[in-house]
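For our numbering, count along the sequence shown from 1 and bump the result up by 654. Backbone N, C-alpha and C define an ideal beta-carbon position, used for all residues, glycine too. Encoded as structure tokens, the structure appears first; notes follow it.
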Amino acid sequence: SFDVYSFLVGGNNNSCIAVLGAGQIDKLGNINSTKLTKDLYLTGAGGGTDATSTANEVMVVAPQSARRFLDKVFYVTMSGERVKSLVSSLGIFEKLDGDQEFTLTHYFPTAKGETKSVMPMSAEEKLKDIQANCGWQLKVARDIKEVKPPTLEELRLLRLLDPRKEFLG
């Protein structure tokens, strides 16, 4: 693994992106995958620390809830300095124009937070739901976009990549 990170991921011509999960993440992209409280531990960093320190850019993918998306994490396992985007179960957050904090740039129209409303939501209600499931004051892009569902062709290609349905179900 040292050789992979040293020669393939790191270096001056680095164009690699690391995709990580997070037990918790804050508005600056700091990741906590180690401790919830003084005595309650999570699984740990694994290779995530190596990935965040050597990759050119880091993307985090995590289910969104106010318990996981915090204003400030209790414990910093990995710095959010290189985390540029956060894809949640409700939307996509990005650090825009050198801002250190995330801004919501896209939302998934059919996804619902922990409130699990059965009624369809307007865009305004959707943003309120995303805020209710976020532990920091949400910044919303002026030109926020709705993520369109995948086309049948895109779904077909994904199924070809996962014929045993191990990842896509």
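{"Check": "Which residue from A716, M773, I671 puts its Cα closest to that of S743?", "Outcome": "A716"}
{"Check": "Is the CB-CB distance between A795 and L822 below 9 angstroms?", "Outcome": "no"}
{"Check": "Tell whether a beta-carbon distance below 9 angstroms holds between M732 and G702.", "Outcome": "yes"}
{"Check": "Pull up the DSSP beta-bridge partners for S742, would you.", "Outcome": "A716"}
{"Check": "The alpha helix (DSSP H) spanning R810 covers which residue range?", "Outcome": "806-815"}
{"Check": "The alpha helix (DSSP H) spanning E778 covers which residue range?", "Outcome": "777-786"}
{"Check": "Expressed to the nearest angstrom, what Euclidean distance is found between the alpha-carbon atoms of A699 and G734?", "Outcome": "14 angstroms"}
{"Check": "Going by the CB atoms, is the gap between I679 and V772 shorter than 9 angstroms?", "Outcome": "no"}
{"Check": "Mind checking whether K681 and E748 have CB atoms under 9 angstroms apart?", "Outcome": "no"}
{"Check": "Please report the straight-line C-alpha distance between G901 and R813, rounded to a whole angstrom.", "Outcome": "Outside the modelled stretch of the chain, which goes from 655 to 823, sits residue 901, for which no answer is possible."}
{"Check": "Since F762 and G745 are thought to touch, with beta carbons under 8 angstroms apart, how far apart are those beta carbons, to the nearest angstrom?", "Outcome": "6 angstroms"}
{"Check": "Does the distance from the C-beta atom of F728 to that of K780 stay below 9 angstroms?", "Outcome": "no"}
{"Check": "Secondary structure at D680, three-state DSSP: helix, strand or coil?", "Outcome": "strand"}
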